[in-house]
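Working notes, beginning with the structure itself.
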């Protein structure tokens, strides 16, 4: 090829300098040479020849300014440095948040729901179902049901199924292992119930299964405001367990008389929460009858009341003539039932019933 002759040591041309800075910083929007003069061409028309790439004092200043501009995009880290397309702390923080959102959006619900912002009503904030950032259980259970046979027979791995369906492999593995554990007699009442439903469910029944889990989520978990985390007396995390066990619980039972006229029979029962019955006890306290705009009647007083009513019934029948006389007197007298009953030596309530019946 022959002697190339004199080779002049040269600088990078504008394009080379831009590409080098972008490759080194990882910021594709940097353009440090935008204020540089256009590169000249040598006699052969090449812009990367040393003879064509001069370096004047003014261009040296522009290179120094370009270096300072690139340095403004530098971000100091505890273990090194990185570069950002932004130069302000706020923009850099927003950039990181966008990257975090993009990562989580692959695995969680990211659509805004009522209750996700500070000015939403408290009732909406109390809802924990399908909130922004929550796990889309439908996708996980649909994949688990669809691949149950292949996973159970070892034809596919958990990681492969997670990748195929776009799921988080770690969470999917934890879910799969939990669902396929045997129901432990002393284990969680909730998880044992979910395992039973899971074993019976078909692919088309994924929605009812997930709805059952959502009901338990709503009862057992709460979403706390992120802005309160770390404050004195505030929450320690975004999602926190919510206890539902109570030491006492009032309940009512509607007593409907049987059509055959028989006795009304009520059965009371209690069981443990799946953790065994050691140290457990139940006390049924203050059973009573309510209704009829009357004071409550304790069950312990019912036998005595029954005897009293039977006695009153017999006495009322024996005094029918006196009750009828009092009713007749009430027709021509403005006296109330209490005064009439006292005058005739009768029970006011029974006399009032006679008056209502014969009015």
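Residue numbers (our numbering): 253 to 611.
Don't be surprised by glycine CBs; every beta carbon is placed ideally from N, CA and C.
| message | According to DSSP, simplified to helix, strand and coil, what is residue 430? | response | DSSP places residue 430 in helix when its eight states are reduced to three.
| said: Using DSSP's beta-bridge definition, name the partner residues of residue 543. | reply: Paired residues: 546.
| request: Give the range of the alpha helix (DSSP H) segment to which residue 569 is assigned. | output: Segment 554-570, the alpha helix (DSSP H) holding residue 569.
| For residue 304 versus residue 293, is the C-beta distance shorter than 7 angstroms? | Residue 304 is a Cβ neighbour of residue 293, given a cutoff of 7 angstroms.
| Inter-residue spacing [alpha-carbon to alpha-carbon] between residue 325 and residue 479 | When rounded, the distance between both Cα atoms is 29 angstroms.
| request: Could you give the DSSP three-state label for residue 492: helix, strand or coil? | output: In this structure, residue 492 counts as strand in the three-state DSSP scheme.
| said: Just to check my reading of the structure: residue 472 and residue 493 have Cβ atoms closer than 8 angstroms, yes? What is that Cβ distance to the nearest angstrom? | reply: Confirmed, about 6 angstroms.
| Looking at the unbroken alpha helix (DSSP H) that takes in residue 393, where does it start and where does it end? | That run of the alpha helix (DSSP H) goes 389-398.
| Sequence-distant residues of its chain with Cβ nearer than 8 angstroms to residue 598 (five each side left out) | Close CB contacts of residue 598 within its chain, under the 8 angstroms cut and outside five residues either way in sequence, are with 571, 574, 575, 578 and 592 (chain order).
| query | Taking buried to mean at least 16 other C-beta atoms within 10 Å of its own C-beta, is residue 530 buried or exposed? | reply | Residue environment for residue 530: exposed (fewer than 16 other C-beta atoms within 10 angstroms of its C-beta).
| task | Rounded to whole angstroms, what's the CA-CA distance from residue 563 to residue 601? Just pull it up for me. | result | Going by the C-alpha atoms only, they are around 14 angstroms apart.
| Sorted by chain position, which residues of the same chain lie with C-beta nearer than 7 angstroms to residue 408's C-beta, five sequence neighbours on each side aside? | Cβ neighbours of residue 408 beyond the five flanking positions: 399 and 402.
| task | Could I get the ranges of all uninterrupted alpha helix (DSSP H) runs contained in the segment 262-350, with 4 residues as the minimum, in chain order? | result | As far as the segment 262-350 is concerned, its whole alpha helix (DSSP H) runs of at least 4 residues are 266-277 and 309-323.
| Exposed or buried, residue 285, counting other C-beta atoms within 10 Å across all chains shown (16 or more means buried)? | Under this definition residue 285 is a buried residue.
| message | Please report the straight-line C-alpha distance between residue 517 and residue 428, rounded to a whole angstrom. | response | Approximately 45 angstroms between the Cα atoms of the pair.
| Where residue 569 and residue 470 are concerned, what is the direct C-alpha to C-alpha distance, given to the nearest angstrom? | Looking at the two C-alpha atoms, the distance is approximately 59 angstroms.
| Which one of 291, 302 and 275 has the shortest CA to CA distance from residue 257? | When the alpha-carbon of residue 257 is set against those of 291, 302 and 275, the nearest one is in 302.
| said: Suppose the cutoff is 7 angstroms on Cβ atoms and the five residues either side in sequence are ignored; what does the same chain contact list for residue 549 look like? | reply: Closer than 7 angstroms at the Cβ level, and outside the excluded window around residue 549, lie 540, 541 and 557.
| query | What do you get for residue 554, buried or exposed, if any count of 16 or more other CB atoms within 10 angstroms of its CB means buried? | reply | By the neighbour-count rule (16 or more Cβ atoms within 10 Å), residue 554 is not buried but exposed.
| message | With a threshold of 8 angstroms on Cβ separation, who are the neighbours of residue 459 within its own chain once the five nearest residues in sequence on each side are excluded? | response | These residues qualify, in order along the chain: 390.
| field | Cutoff 6 angstroms; reference residue 610; Cβ partners in own chain excluding five residues on either side | value | Same-chain partners within the cutoff: 579.
| said: What does the alpha-carbon distance come out to for the pair residue 265 and residue 489? | reply: The alpha-carbon atoms of residue 265 and residue 489 are separated by roughly 53 angstroms.
| message | Here's the rule: buried if 16 or more other CB atoms are within 10 angstroms of the residue's CB, otherwise exposed. What is residue 450? | response | Buried.
| task | Taking residue 536 as part of the beta strand (DSSP E), name the residues at either end of that continuous run. | result | For residue 536, there is no enclosing beta strand (DSSP E), as DSSP marks it with neither H nor E.
| field | Contact test: residue 339 Cβ vs the ligand SAM heavy atom, cutoff 6 angstroms | value | Absent from the structure shown: the ligand SAM. Ligands present: none.
| query | With which residues is residue 226 paired in a DSSP beta bridge? | reply | This structure does not reach residue 226, given that the chain is present from 253 up to 611, and the question cannot be answered.
| request: To the nearest angstrom, report how far apart residue 255 and residue 291 are at their CA atoms. | output: Rounded to whole angstroms, residue 255 and residue 291 show a C-alpha spacing of 26 angstroms.
| request: Compute the Euclidean distance between the alpha carbons of residue 446 and residue 431, then round it to the nearest angstrom. | output: Our two residues, residue 446 and residue 431, have alpha carbons roughly 8 angstroms apart in a direct line.
| task | Give me the Cα-Cα distance between residue 244 and residue 533, rounded to the nearest whole angstrom. | result | The requested residue 244 is not part of the displayed model; the chain covers only 253 to 611.
| request: Go ahead and pull the three-state DSSP assignment for residue 511. | output: Here residue 511 sits in coil by DSSP.
| message | Give me, in chain order, the residues of the same chain whose beta-carbon lies closer than 7 angstroms to that of residue 491; leave out the 5 immediate sequence neighbours on both sides. | response | In its chain, beyond the 5 residues on either side, 473 and 475 have a beta carbon closer than 7 angstroms to the beta carbon of residue 491.
| query | Can you tell which of 411, 521 and 423 has the C-alpha that lies nearest to the C-alpha of residue 387? | reply | Selection 411, 521 and 423 evaluated against residue 387 yields 423 as nearest (Cα-Cα).
| message | Would residue 322 and residue 273 qualify as a contact pair, given that the criterion is a beta-carbon distance under 7 angstroms? | response | Yes, the pair counts as a contact, with Cβ atoms nearer than the cut-off.
| message | Tell me which residues share the same chain as residue 338 and place their Cβ nearer than 7 angstroms to its Cβ, disregarding the 5 neighbours each side in the sequence. | response | For residue 338, where only same-chain residues beyond five positions count, the Cβ hits under 7 angstroms are 344 and 347.
| query | Grouping DSSP H, G and I as helix and E and B as strand, with all else coil, what is residue 449? | reply | In the structure shown, residue 449 sits in a helix (DSSP, three-state: H, G or I).
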